[in-house]
Structure formats: structure tokens, C-alpha cells
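A short worksheet on the structure shown next.
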Amino acid sequence: MDKYFEINEQGNNIRCKLYYKDKAAAKKAVIFCTGFAGHKDNNAAHTFAEKLLSKYKDVIVVVFNWPSHGDDVKKKLVLEDCSTYLELVIRDVKARFGAEQLYSYATSFGGYVVLRYISEHGNPFEKIALRCPAVNMHDVITGSIMRNDEYDRISKGKDVLVGFDRKIIVTRSFLEDLKENDITQRDYLEYADDILIIHGTKDEVVPFEAGKEFAENNVIEFISVQNADHRFQNPLHMSLANKQVMEFFGFH
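Residue numbers for the sequence shown follow this note's numbering, beginning at 380 and rising by one.
Written as C-alpha cells, this is what we have:
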């Protein structure tokens with residue numbers, strides 16, 4: 380089953396989606412963090428939640444909109460707001476559902492935000508699984524997601540709509556913040572045992588080698604999926620990734 384709920388804290392309105400089998404029995408919660416221009420009705424999150432809940436009733440999955448994503452009310456994307464949203468979701472899931480153990484499954488831009496968050500605030504999660512994390516998010520957005528004319532306009536101080544199926548307003552200050560907060564230059568050895576990275580060898584958005592190098596530099600377990608693209612659109616690739624994540628979380 381699934382239902383929508385909202386978190387209204389500190390002047391923020393975070394729109395979330397809950398997947399559950401038995402809320403009263405839930406002791407574990409997976410916070411699913413979507414990628415750039417994603418939203419709470421994410422298909423990958425839905426697929427993962429269905430697979431997980433078909434086997435376990437003591438787990439819930441929570442998906443939420445990043446600032447200015449989906450039907451979020453914020454007009455412009457600010458990195459600090461992303462960290463705030465994640466912090467508020469973590470707190471709310473603990474309080475609202477009484478979850479004793481938190482896990483994170485994050486993709487692409489969501490992976491970047493989670494990694495930045497734990498380096499600045501510590502790790503609140505038992506385990507973190509990252510699929511195709513945008514560890515080099517500045518290069519990803521300027522080189523893979525944006526067109527040249529969009530980058531030129533932002534460089535001149537103009538706001539630009541950027542994204543895939545859905546578009547997000549990107550500002551020059553957002554790009555500058557990404558450049559200043561290059562997580563590839565941070566040390567994650569302290570958290571390495573609790574992190575798993577899964578990356579497709581045919582990722583067209585986040586280079587496979589970027590994820591592999593980041594994992595090697597931080598001694599993080601790395602699983603490559605042959606011929607998988609960024610979104611893992613092949614159902615077999617997605618099924619394999621979800622199986623690996625569940626096993627890493629201890630959900631056998």
C-alpha cells in the first residue's frame with residue numbers, strides 16, 4: 380500500500396510518499412533519494428518498494444521531493460535546502476513511524492546529497508546504497524545534463540530550466556556551490572563499510588569510471604552492472620540492483 384503525506388517544518392513543505400505493508404509493525408525505514416529532476420512518484424522507488432514489501436512487513440519506504448522538484452513549492456534549487464529536507468525527513472520518519480533503523484537508497488544527484496550530508500552531519504543510516512551516484516555532480520550537470528547554450532546563459536547570470544522529462548531552475552550560485560563542495564575531495568573512509576555503490580558500465584550521465592574511482596579512493600564496495608545505463612531501464616538490471624541493495628541492507 381502507499382499514501383502521501385507532508386512534512387511542514389521550519390517554513391518548509393516537503394511532499395512525501397510512503398510505501399508500507401503494516402505501519403504498526405515497521406521497525407526499519409528506507410529513505411529513497413531520487414536523482415536530479417526526479418520526484419516522489421519515482422518508478423524506480425516504486426519497483427524497489429514493491430519488491431521489498433513483498434517479502435517483509437516490518438519495513439517502510441519513504442520517497443520525497445527535493446526542493447523545486449516535482450510538486451515542491453520552492454522555485455529555485457539551493458543545495459543547503461536539499462540538506463535541510465533530508466534532515467527533516469530523517470527526523471520525521473523516526474518520530475512519525477517510530478523507525479528504529481534507517482537506511483538510505485539514493486540515485487544520481489540523491490547520492491551526491493546523501494554523501495555531502497554525512498560528511499557534514501555524520502551518518503544517521505545503518506547502511507547506504509548508492510546507484511550511479513553523481514559524485515562529480517558539477518561536471519555531470521554542466522557536461523552531461525546541460526546544453527552548451529544553457530551553460531553560457533547561466534555563466535552570464537541568467538537562470539535556466541535544466542533537466543530531463545521535468546525541468547528545474549538552475550542558477551549560477553547553484554553551480555558555484557556544487558563546484559565549491561566537490562565531494563570527491565572529501566574522505567569517506569570512516570563510513571566506507573556501511574556504503575555500497577552500484578554503477579552501470581554504460582552510464583551516459585555519470586561516467587562509470589568516476590564512480591569506480593571514488594569507490595576505490597574510499598575503499599567502498601563497488602558493484603559494476605554490465606551494459607546498464609544511468610536509469611537502469613532494463614528490468615533485469617534494475618532487478619539485479621535491487622537484489623544487491625536488499626542483501627547489503629541485510630534484507631535477505
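Ideal placement from N, C-alpha and C gives every residue a C-beta, glycine not left out.
Asked: The alpha helix (DSSP H) enclosing residue 589, as first and last residue numbers; Found: 587-596
Asked: Nearest-angstrom Cα separation, counted from residue 453 out to residue 548; Found: 10 angstroms
Asked: CB of residue 575 within 7 angstroms of CB of residue 592, strictly; Found: no
Asked: DSSP three-state assignment for residue 448, whether helix, strand or coil; Found: coil
Asked: Contiguous alpha helix (DSSP H) assignments of at least 4 residues, all confined to the region 443-519; Found: 458-476, 488-500 and 516-519
Asked: Residues bridged to residue 361 (per DSSP); Found: Limits of the chain in this structure are 380 at one end and 631 at the other, which puts residue 361 out of reach.
Asked: Residue environment, residue 528, which counts as buried when at least 16 other CB atoms sit within 10 Å; Found: exposed
Asked: Member of 433, 464 and 579 whose CA lies at the smallest distance from the CA of residue 445; Found: 464
Asked: Any 3 or more C-beta pairs closer than 8 angstroms across the region 498-510 and the region 472-487; Found: yes
Asked: Cβ contact check for the region 403-412 and the region 433-451: 3 or more pairs under 8 angstroms; Found: yes
Asked: Status (buried if at least 16 other CB within 10 Å, exposed otherwise) for residue 614; Found: exposed
Asked: Proximity of residue 616 and residue 582 at Cβ, strictly below 7 angstroms; Found: no
Asked: Candidates 627, 622, 618 and 448: closest to residue 571 by CA position; Found: 627
Asked: Span of the beta strand (DSSP E), counted from its first residue to its last, around residue 397; Found: 391-398
Asked: Rounded distance between the beta-carbons of residue 413 and residue 489, thought under 8 angstroms; Found: 5 angstroms
Asked: Cβ neighbour criterion (16 or more within 10 Å) applied to residue 579; Found: buried
Asked: Buried versus exposed, by CB contacts within 10 Å (16 or more), residue 598; Found: exposed
Asked: Among 475, 396 and 491, the one whose alpha carbon lies nearest that of residue 585; Found: 491
Asked: For residue 532 and residue 594, the rounded distance between their alpha carbons; Found: 34 angstroms
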